[in-house]
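Undergrad: Residue numbers (our numbering): -3 to 320.
So this is what it looks like as structure tokens:
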């Protein structure tokens, strides 16, 4: 088998663009790029190419943007690329069996979790939210199931108590690019072993929504801090302060208050943190260290208190529609 493979690439967001960039720097030949149709962005909803399309344009690669891969013409377009393998990274379209069978070596996926944990749409954020201490990328031989294919290569990385969704996203994007090149190098020399996923430990990472980002202060402090970090930079955890939204960007569990307090009560502020009573009886404390008022930018709480300290008077109950 040749040391160089002809690769059809399918992906859409920044996470996928990192893998495409790595492939373009490898010895393998990217012969076509499939990506989602341009979407409206900004206030004017101007049609904007995906990050993958933007990179493909820079390298003068053939670009295809079907709305579905179930259509015969889309499948014929892929077949005409004569690719040895298709690499799929956060593409956003379902690959029917006819597409999975088109490249002679099948379709490989870069998935941002340690499968079988966190199959599905939002593995990066769900891992942080759940308090996992490790994440990673799995290179998987795709089949017709939802992230159920055999594992070809796994690379892991730690999650700390301060890791945000954005930080883990960027780290895994880079790791995924390196891993897919490594997998293709091994595939080109017939030196890649497929391992079925274990049946134990399967979890599903449901899609993120803005609605779930509103914090419930009856939950434990550690759980709330994990949600704040998981939802940074999107959809961003939030609550209400005097009836207006307050976005919460960074948080840590603080020492317990020791006194039962209505959950969501703003306690006496620390110099660099908002102290919020939480947990079922309000004896736990969540420290918010970075926040954003309406119309403002995300700021360290120390700066918010220096500039707008009157907004954060102790005794207020966060999460209320209006002031009491």
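Even for Gly, the Cβ is constructed at its ideal location relative to N, Cα and C.
How far does the beta strand (DSSP E) with residue 83 in it reach, from first residue to last?
TA: As a first step, residue 83 is located in the chain shown; it is residue number 87 there, counting from the start. Per DSSP, residue 83 belongs to the beta strand (DSSP E) from 81 to 85.
Undergrad: Under three-state DSSP, which class holds residue 116?
TA: Locating residue 116 in the chain shown gives position 120, counting from the first residue. Correct three-state label for residue 116: strand.
Undergrad: Out of 147, 203, 236, which has the shortest C-alpha to C-alpha gap to residue 193?
TA: Translated into the one-based positions of the chain shown, residue 193 becomes position 197. The shortest Cα separation from residue 193 among 147, 203, 236 belongs to 147.
Undergrad: So which of 14, 13, 27 has the shortest CA-CA distance to residue 1?
TA: Locating residue 1 in the chain shown gives position 5, where the first residue counts as 1. Among 14, 13, 27, the Cα nearest to that of residue 1 is on 27.
Undergrad: Roughly how many whole angstroms lie between the Cα atoms of residue 63 and residue 257?
TA: On the chain shown, position 67 is the one that residue 63 refers to. On the chain shown, position 261 is the one that residue 257 refers to. Rounded to whole angstroms, residue 63 to residue 257 spans 53 Å at the Cα level.
Undergrad: Run through DSSP, which three-state label would residue 401 get?
TA: Any question about residue 401 goes unanswered here, given that the chain covers just -3 to 320.
Undergrad: Classify residue 41: buried if its beta carbon has 16 or more other beta carbons within 10 angstroms, exposed otherwise.
TA: Here the question's residue 41 lines up with position 45 in the chain shown. By the 10 Å Cβ count, residue 41 comes out exposed.
Undergrad: Taking 8 Å as the limit between beta carbons, can you name the residues of its chain near residue 161, skipping five residues before and five after?
TA: Position 165 of the chain shown, counted from the start, is the residue given in the question as residue 161. 120, 121, 124, 225, 226, 227, 228, 229, 230.
Undergrad: Can you tell me which of the three DSSP states residue 319 falls into?
TA: Against the chain shown, residue 319 aligns to sequence position 323. At residue 319, the pLDDT of 42 sits below 50, so the modelled position is not reliable and the matter cannot be decided from this model.
Undergrad: Apart from the five residues on each side of it in sequence, which residues of its chain come closer than 8 Å, Cβ to Cβ, to residue 222?
TA: To locate residue 222, count along the chain shown from 1; it is residue 226. Correct list, in chain order: 124, 125, 126, 127.
Undergrad: How long is the line joining the alpha carbons of residue 242 and residue 185, rounded to whole angstroms?
TA: As a working note, residue 242 is residue 246 in the chain shown. As a working note, residue 185 is residue 189 in the chain shown. Taking the straight line from one Cα to the other gives about 54 Å.
Undergrad: Residue 162 lies in the alpha helix (DSSP H); which residues open and close that run?
TA: As a first step, residue 162 must be located in the chain shown, where it is residue number 166. Here the alpha helix (DSSP H) through residue 162 covers 161 to 184.
Undergrad: Hey, how far is the Cα of residue 113 from the Cα of residue 36?
TA: Mapped onto the chain shown, residue 113 falls at position 117. Mapped onto the chain shown, residue 36 falls at position 40. One C-alpha to the other measures close to 33 Å.
Undergrad: Taking the continuous beta strand (DSSP E) assigned at residue 331, which residues delimit it?
TA: No answer is possible for residue 331: it lies beyond the span of the chain, which begins at -3 and ends at 320.
Undergrad: Using only CA atoms, which one of 21, 30, 218, 195 lies nearest to residue 143?
TA: Looking up residue 143 in the chain shown gives position 147. The option with the nearest alpha carbon to residue 143 is 195.
Undergrad: Let me know if residue 19 comes out buried or exposed under the rule of 16 or more other beta-carbons within 10 Å of its beta-carbon.
TA: Position 23 of the chain shown, counting from 1, holds the residue named residue 19. Buried, by the Cβ-count rule.
Undergrad: In whole angstroms, what is the alpha-carbon distance linking residue 83 and residue 246?
TA: As a working note, residue 83 is residue 87 in the chain shown. As a working note, residue 246 is residue 250 in the chain shown. Roughly 35 Å between the two C-alpha positions.
Undergrad: Starting from residue 243, follow the beta strand (DSSP E) in both directions and report where the run begins and ends.
TA: Sequence index remark: in the chain shown, residue 243 carries index 247 (1-based). Segment 240 to 250, the beta strand (DSSP E) holding residue 243.
Undergrad: For the alpha helix (DSSP H) that residue 68 lies in, which residues bound it at each end?
TA: On the chain shown, residue 68 is found 72 positions in, with the first residue counted as 1. Per DSSP, residue 68 belongs to the alpha helix (DSSP H) from 68 to 76.
Undergrad: In terms of alpha-carbon separation, which member of 57, 309, 168, 307 lies closest to residue 12?
TA: The residue given as residue 12 occupies position 16 in the chain shown. When each option's Cα is compared against that of residue 12, the closest is 168.
Undergrad: Cβ of residue 275 within 8 Å of Cβ of residue 261?
TA: By 1-based counting over the chain shown, the position of residue 275 is 279. By 1-based counting over the chain shown, the position of residue 261 is 265. Cβ atoms of residue 275 and residue 261: not closer than 8 Å.
Undergrad: Per the contact definition of three or more C-beta pairs closer than 8 Å, is the segment 127 to 141 in contact with the segment 91 to 101?
TA: In short, these stretches touch, since the Cβ pair count reaches three.
Undergrad: Return helix, strand or coil for residue 90, following the three-state DSSP convention.
TA: The residue given as residue 90 occupies position 94 in the chain shown. It is coil, neither helix nor strand.
Undergrad: Give the secondary structure of residue 55 by DSSP, where H, G and I count as helix, E and B as strand, and everything else as coil.
TA: Here the question's residue 55 lines up with position 59 in the chain shown. Coil.
Undergrad: Under 8 Å between the Cβ atoms of residue 235 and residue 314?
TA: Position 239 of the chain shown, counting from 1, holds the residue named residue 235. Position 318 of the chain shown, counting from 1, holds the residue named residue 314. Yes, they are a contact pair.
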